[in-house]
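Engineer: So for the sequence shown, the numbering used here puts the first residue at 1054; every next one is plus one. Let me begin by handing over the structure; questions about it come next.
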Amino acid sequence: MTDENCKIILAFFPEAARTVNVDSVERILRAYPIRINRIEATASGVLVFAESTQCESLELTRMRESLLQDGRNVGYRVRLQRECLFRAMHSLVLNF
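Pasting the structure below:
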């Protein structure tokens, strides 16, 4: 991918008592213009570190809305955020 890409973090949290399934998360993500760099799975969810060519705010909003629906269809709550914002927010929390 080129320098035009943006780094994003996607979080998939299972609804109710469902278990985490990395394969189902990867199947969802195949339909999107992203390259997965790393996946971290725990009992409470799956974090995906990726890059996307769709970096404009409107494009990311559309991708987020579509991912929300696709995730909901298989039992996940989905969050998508630019990696720089994710890290900034978490560093603020750790400093308080």
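Glycine is no exception: its CB is placed at the ideal position from the N, C-alpha and C atoms.
#1: How would you label residue 1084, buried or exposed, when you count the other beta carbons within 10 angstroms and need 16 or more for buried?
#2: Going by the beta-carbon positions, is the gap between residue 1101 and residue 1078 smaller than 8 Å?
#3: Can the beta-carbon of residue 1096 be found less than 8 Å from the beta-carbon of residue 1073?
#4: Would the beta-carbon of residue 1087 fall within 8 Å of that of residue 1064?
#5: Excluding five sequence neighbours on each side, which residues of the same chain lie with their C-beta closer than 6 Å to the C-beta of residue 1134?
Structural biologist: Judging by the given coordinates:
#1: exposed
#2: yes
#3: yes
#4: no
#5: 1062
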